[in-house]
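There are 2 protein chains.
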Amino acid sequence: MKNLPETFLPALKNELKKQVARVDETHTAEYHKMLTYHMGWVGEGAGAKASGKQIRPLLLLLTASATGGEWANALPAAAAIELIHNFSLLHDDIQDNAETRRGRLTVWKKWGVAQAINAGDGIFILANLAMGDLKEKYPAEIVLDAKRTLQETCLSLTRGQHLDIAYETRANIEIGDYWQMIAGKTAALLSTATELGALLGGADEKLRFTYREFGHYLGLAFQVQDDLLGIWGNEAETGKSVSSDLLEGKKSLPVLYGLEKNGKFAERWKKDALTEDEIPEMAHLLEVEGARLETQRQADQMTEFALNALRTANPQGEAGDVLFELTERLLGRAA
Amino acid sequence: MKNLPETFLPALKNELKKQVARVDETHTAEYHKMLTYHMGWVGEGAGAKASGKQIRPLLLLLTASATGGEWANALPAAAAIELIHNFSLLHDDIQDNAETRRGRLTVWKKWGVAQAINAGDGIFILANLAMGDLKEKYPAEIVLDAKRTLQETCLSLTRGQHLDIAYETRANIEIGDYWQMIAGKTAALLSTATELGALLGGADEKLRFTYREFGHYLGLAFQVQDDLLGIWGNEAETGKSVSSDLLEGKKSLPVLYGLEKNGKFAERWKKDALTEDEIPEMAHLLEVEGARLETQRQADQMTEFALNALRTANPQGEAGDVLFELTERLLGRAA
Chain A
0 MKNLPETFLP ALKNELKKQV ARVDETHTAE YHKMLTYHMG WVGEGAGAKA
50 SGKQIRPLLL LLTASATGGE WANALPAAAA IELIHNFSLL HDDIQDNAET
100 RRGRLTVWKK WGVAQAINAG DGIFILANLA MGDLKEKYPA EIVLDAKRTL
150 QETCLSLTRG QHLDIAYETR ANIEIGDYWQ MIAGKTAALL STATELGALL
200 GGADEKLRFT YREFGHYLGL AFQVQDDLLG IWGNEAETGK SVSSDLLEGK
250 KSLPVLYGLE KNGKFAERWK KDALTEDEIP EMAHLLEVEG ARLETQRQAD
300 QMTEFALNAL RTANPQGEAG DVLFELTERL LGRAA
Chain B
0 MKNLPETFLP ALKNELKKQV ARVDETHTAE YHKMLTYHMG WVGEGAGAKA
50 SGKQIRPLLL LLTASATGGE WANALPAAAA IELIHNFSLL HDDIQDNAET
100 RRGRLTVWKK WGVAQAINAG DGIFILANLA MGDLKEKYPA EIVLDAKRTL
150 QETCLSLTRG QHLDIAYETR ANIEIGDYWQ MIAGKTAALL STATELGALL
200 GGADEKLRFT YREFGHYLGL AFQVQDDLLG IWGNEAETGK SVSSDLLEGK
250 KSLPVLYGLE KNGKFAERWK KDALTEDEIP EMAHLLEVEG ARLETQRQAD
300 QMTEFALNAL RTANPQGEAG DVLFELTERL LGRAA
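As you go down the protein sequences, you meet chains A and B in turn.
Those letters in the first sequence? Residues 0 to 334, by numbering that gives the first Met the number 0.
Those letters in the second sequence? Residues 0 to 334, by numbering that gives the first Met the number 0.
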């Protein structure tokens with residue numbers, strides 16, 4: 000990796016802190032604390048790991064630079080997209096009843112569901128206000144265009160979330176449903192990161208669309224890769240316990256392929272929840288029935304689509320090189 | 000009342016339906032159903048009563064007209080403010096554990112907390128998208144100004160909500176805390192309704208601020224009035240059971256005055272939750288200890304402030320007359 004991310008990340012953090020400081024008032028100090036805790040800046044376990052990888056804002060800034068724009072001008076949009084990501088995680092944790100996130104207690108676990116819903120709403124609003132700050136550097140028409148693009152993405156996120164929650168209790172999920180769901184839950188925000196980067200970098204309609212395609216397939220590839228790691232990953236690398244997806248009964252892509260095979264895996268899966276000692280055998284069944292290979296093929300295909308789009312976009316300069324490197328690294332292809 | 004609201008309300012409903020239709024897709028038909036149910040348009044008990052009074056969008060359209068603008072141009076903003084109101088109610092119902100709203104089951108009660116959080120997020124996003132539609136009739140700079148004003152209000156809403164939730168478990172609430180809380184929870188959205196109406200009607204900065212003041216005090220007066228009705232109101236008129244606020248232990252303004260008096264009411268209140276048969280006696284104690292009168296004085300004062308601001312704003316035409324009538328009716332002063 001070149002050192003561009005090392006330049007971008009401290010500037011991004013400054014911008015994020017400036018945006019979140021809007022709620023830092025005497026009467027609502029505790030509210031501000033919830034947000035800064037969730038962002039990973041304060042409280043037990045605060046630090047770089049607690050803030051996540053910030054892939055989305057990084058992609059946005061790199062794309063703005065690789066299309067010939069001044070990356071620093073796009074910082075409010077980069078902050079906005081990271082805030083949107085964090086808003087969706089905060090509400091997601093309540094919806095999933097998740098007690099920890101990045102190794103720390105979740106906001107609802109610390110402050111209760113009512114305050115956590117409100118804190119998530121607040122982060123979303125801060126993202127919208129951050130977008131408004133773009134007007135200091137861009138014409139009003141561009142800002143409105145960027146704002147609309149982001150809101151449409153947010154609507155897609157809620158569509159994906161709706162399907163995700165609905166699928167938990169629905170028995171007959173098919174592979175088509177899976178793609179619908181992850182298009183909203185994972186790909187929408189990544190495709191908007193690269194699209195906004197291109198828009199703010201000065202790209203024309205066609206190039207903007209190509210960057211959108213790149214982000215979209217990167218998101219799909221990333222999610223399918225994540226599904227593979229959720230069953231066959233290495234705990235030390237991913238921070239998830241291996242096969243935790245099977246234990247949680249998550250209808251990830253390998254499981255859906257396994258159900259489609261209608262073999263021994265499907266037979267056992269349909270009965271009731273798996274127990275911990277069954278997990279290695281079930282992961283093995285999935286593999287011998289071919290579900291791992293088919294999932295890997297999908298990951299490879301989506302990765303190819305993403306790289307093709309990026310080649311077509313032909314990103315310029317150092318940021319262009321980093322975009323290729325970041326993509327390969329995200330999709331587990333780095334040397 | 001003049002017949003202007005009868006012209007505005009059907010146009011508003013059309014606009015709202017158009018905005019909410021953005022989620023009406025094959026894969027997410029159930030998601031669309033949650034939103035249209037919450038808006039009072041479909042499902043058991045659907046109808047005018049289930050949609051609420053729509054005071055906020057009405058105020059916005061009346062102000063736009065009374066400042067010389069074309070009310071129909073402001074419809075997307077009117078829809079947005081009604082959607083924001085509904086988003087906050089939806090999340091509020093989860094936070095308050097409220098099983099009914101306007102006599103119907105709440106969204107979380109019907110579809111579960113996870114889907115309800117997501118549905119609330121969706122309504123908020125629809126409001127933001129609605130605001131973007133203003134660009135068909137207004138310059139981009141005005142649209143950005145309107146959008147920022149609305150988002151700042153939303154942040155105030157979450158501040159008020161944060162305080163409201165925090166106060167439920169805090170013993171020592173003072174009267175200053177009360178005004179902070181209702182400024183966010185109630186007055187913020189009303190002041191933005193009138194401010195946006197003035198902005199979109201073409202008012203200058205000074206007039207815009209006067210309309211904002213009008214909405215602010217109208218909101219405060221309305222909330223204090225509501226607190227009075229929550230203890231001494233008539234169930235048939237308000238749709239609430241009389242004294243339900245006392246039974247719920249709500250720290251409304253009369254209760255805070257009662258606690259300040261530190262008399263028999265305060266002594267009993269501090270012990271534990273009231274039982275239903277104690278309510279009439281406790282309401283009586285509040286009254287003889289002077290809390291009802293002091294609350295009424297505050298309501299009268301805020302009402303005077305609101306009417307003074309409206310007189311200063313000097314609203315024009317039929318819409319101007321209706322603004323005065325609506326204010327008097329809302330604050331229980333109609334003949």
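Each residue gets a CB set at the ideal place from its N, CA and C atoms; glycine is no exception.
Would residue i count as contacting chain A if we go by Cβ distances under 7 Å?
i       : result
A202(B) : no
A139(B) : yes
G131(B) : yes
D120(B) : yes
L154(B) : yes
R147(B) : yes
L338(B) : The structure shown does not extend to residue 338(B), since chain B spans only 0 to 334, so no value can be given for it.
Q53(B)  : no
H90(B)  : yes
Y30(B)  : yes
I83(B)  : no
I124(B) : yes
Using the Cβ count rule (16 or more neighbours within 10 Å means buried), how would you classify residue i?
i       : result
R296(A) : exposed
P138(B) : exposed
V19(B)  : buried
L227(B) : buried
P56(B)  : buried
T356(B) : No answer is possible for residue 356(B): the residues shown for chain B start at 0 and end at 334.
L322(A) : buried
R291(A) : buried
T99(B)  : exposed
P279(B) : exposed
K205(B) : exposed
P9(B)   : exposed
T97(A)  : A quick correction: the sequence has Ala, not Thr, at residue 97(A). Flag for A97(A) reads exposed.
K134(A) : buried
Report yes if the C-beta distance between residue i and residue j is below 7 Å; otherwise report no.
i       : j       : result
Y210(A) : A312(A) : yes
T338(B) : H161(A) : No information on residue 338(B) is available, as it lies outside the stretch 0 to 334 that chain B covers here.
Q114(B) : L128(A) : no
A187(B) : L143(B) : no
G201(B) : G67(B)  : yes
Q224(B) : A282(B) : no
A192(B) : L58(B)  : yes
A49(A)  : R101(A) : yes
I116(A) : I124(B) : no
Q222(B) : I181(B) : yes
R147(A) : G131(B) : yes
R158(B) : G183(B) : yes
A265(A) : L258(A) : yes
G262(A) : E293(A) : no
G218(B) : L246(B) : no
A220(B) : L325(B) : no
Is there a Cβ of chain B sitting closer than 7 Å to that of residue i, yes or no?
i       : result
T191(A) : no
Q295(A) : no
Y179(A) : Tyr is not the amino acid found at residue 179(A); the sequence shown has Gln there. Answer yes: the Cβ-Cβ gap between Q179(A) and chain B drops below 7 Å somewhere.
L143(A) : yes
A113(A) : yes
N117(A) : yes
Y216(A) : no
K17(A)  : no
I80(A)  : no
Q94(A)  : yes
T157(A) : yes
Q160(A) : yes
H26(A)  : yes
K134(A) : yes
Give me the DSSP bridge partner(s) of residue i.
i       : result
L104(B) : T99(B)
Shorter than 7 Å from the beta carbon of residue i to some beta carbon of chain D?
i       : result
I164(A) : Annotation note: the requested chain D is absent from the structure, which comprises protein chains A and B.
Query - the segment 253-272 of chain A / the segment 27-38 of chain B touching (three or more Cβ pairs under 8 Å) - result: no
Report task. Say whether the segment 115-126 of chain B touches the segment 63-77 of chain B, bearing in mind that this needs 3 or more beta-carbon pairs closer than 8 Å, one atom from each stretch. Result -> Output reads no: the segment 63-77 of chain B does not touch the segment 115-126 of chain B.
Requested in this report: Give a yes or no on contact between the segment 50-69 of chain B and the segment 189-203 of chain B, applying the rule of three or more CB pairs nearer than 8 Å.
Outcome: yes
Query raised in the report: So does the segment 35-48 of chain A actually touch the segment 171-181 of chain B, counting three or more Cβ pairs closer than 8 Å?
Result: no
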